[in-house]
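Be aware that the sequence shown starts at 1, since it is given in the working numbering, and climbs by one per residue. From the three backbone atoms N, C-alpha and C, an ideal C-beta is built for every residue, glycine too. For reference, the structure is listed below as structure tokens.
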Amino acid sequence: MSPHASPASSPAVAFAMAAMAIALKAKTREATLAARLDFARRALDFLPMFAEAPEALDATRRFLTEAERAPAEAGAAFLDFLATWPPAPDAPPAPVARTEEALTEIEAERPDEAATSPAPEFDWQRRADTGIG
């Protein structure tokens, strides 16, 4: 097994994992030239997959082209692509929600603690110095 071989059974999943890693690094401006070149070399391992998924090749090419000039934007755009790209032939057709968006939705659905806390049972619970009421 080569040092870059993935334990994933699907080349699409292996590509998506490697792509997400470099995209997140770029988004945080931590994708060095060496890291981007390593990803480009690893992407060559996926050439057979790219023949069946030319959109993945186009997104990879755009990311590698833009990452030097605008790394955060290139990383975000690559993550957007990966969030909507089916990672396997049997993947559901609906786009996968990005983690940040999912967390935002969860936070929005979470009830306000003040609105759901029970009413004080005793007068001392209303005092400001107790931190309860």
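Cβ-Cβ distance between residue i and residue j below 9 Å
{"i": "residue 23", "j": "residue 70", "result": "no"}
{"i": "residue 67", "j": "residue 36", "result": "yes"}
{"i": "residue 51", "j": "residue 15", "result": "no"}
{"i": "residue 39", "j": "residue 11", "result": "no"}
{"i": "residue 78", "j": "residue 26", "result": "yes"}
{"i": "residue 109", "j": "residue 85", "result": "no"}
Boundaries (first-last residue) of the alpha helix (DSSP H) holding residue i
{"i": "residue 66", "result": "54-66"}
{"i": "residue 83", "result": "71-84"}
{"i": "residue 14", "result": "11-27"}
{"i": "residue 42", "result": "33-44"}
Separation of residue j from residue i, as counted between CA atoms
{"i": "residue 83", "j": "residue 127", "result": "49 Å"}
{"i": "residue 123", "j": "residue 129", "result": "12 Å"}
{"i": "residue 57", "j": "residue 119", "result": "58 Å"}
Reference residue i; option with closest CA among the options
{"i": "residue 20", "options": "63, 33, 121, 47", "result": "63"}
{"i": "residue 59", "options": "81, 104, 47", "result": "81"}
{"i": "residue 29", "options": "120, 73, 125", "result": "73"}
{"i": "residue 33", "options": "53, 65, 48", "result": "65"}
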